[in-house]
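Student:
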Amino acid sequence: HSQLLTAFKSQEPRPSKLQHDVSAALTRIGWNHSFEFETPEGLSLDMSQPETKTAIEVDGPSHFLIGNIVQRTENGRTKFKSRLLCQLGWTVFHVPYFEWNVLADAMVQESYLQIKLTNRYTIEEGQSTKTA
């Protein structure tokens, strides 16, 4: 268990412009959050509300498998982290770069986040999950 966590934590977080943009939009809609919060278990979250165990993970290109651009598939590291956080009681929302990058302006970005945060459950492979 500790070896897995050590390997998983081996990369220091380096916030991207995309993360800063999402964080700014969250602030504009009144979603107060911690930036680059580390859980007691040592997992780094892009943005979170630790008191409600709610996290937003901004997923850039490195979070997806290379290849099929039509059906973008999260890589193993991203899936593992989401599953681990859910097991620890967190609700995780994902903001993929390819969704964010097509949002025209601040108002559209804010609407996107409000909708994402109000849809707490998604249907994934026929099952309801706590990730969005």
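Under our numbering, the first residue of the sequence shown is numbered 658, with each subsequent residue one higher.
Even glycine gets a Cβ: it sits at the ideal position worked out from N, Cα and C.
Taking the C-alpha atoms as reference points, what is the distance between K736 and H720?
Tutor: About 9 Å.
Student: Is A682 closer than 8 Å to L650 when the C-beta atoms are compared?
Tutor: What is shown of the chain runs 658 to 789, which leaves residue 650 out entirely.
Student: Under the DSSP definition of a beta bridge, which residues are partnered with E731?
Tutor: According to DSSP, which records beta bridges pairwise, E731 is partnered with F721.
Student: On the three-state DSSP scale, how would you describe L702?
Tutor: DSSP places L702 in strand when its eight states are reduced to three.
Student: Which partner residues of P753 appear in the DSSP bridge assignment?
Tutor: D716.
Student: Residue range of the beta strand (DSSP E) that S691 falls in?
Tutor: S691 to E695 is the span of the beta strand (DSSP E), which, as asked, contains S691.
Student: Return yes when the Cβ of V679 is within less than 8 Å of the Cβ of E752, no when it is not.
Tutor: Going by the sequence as given, residue 752 is Val instead of Glu. Result yes, Cβ atoms of V752 and V679 sit closer than 8 Å.
Student: Counting beta carbon pairs with one atom in the stretch 754-771 and one in the stretch 683-699, are three or more of them shorter than 8 Å?
Tutor: Yes, they touch.
Student: If I'm right that E695 touches D703 with Cβ under 8 Å, what's the distance once you round it to whole angstroms?
Tutor: No, E695 and D703 are not in contact; Cβ-Cβ is about 11 Å, not under 8 Å.
Student: To the nearest angstrom, how far is the alpha carbon of S739 from that of E731?
Tutor: Each residue's alpha carbon lies about 10 Å from the other.
Student: Do the CB positions of L700 and L741 come within less than 8 Å of each other?
Tutor: It is a contact, given that the beta carbons lie within the stated cut-off.
Student: Apply the 10 Å Cβ neighbour rule to D716 and answer buried if 16 or more other Cβ atoms are within range, or exposed otherwise.
Tutor: Answer is buried; the Cβ neighbour count reaches 16.
Student: If we ignore side chains and look at the alpha-carbon of each, how far apart do N776 and A712 end up?
Tutor: When rounded, the distance between both Cα atoms is 14 Å.
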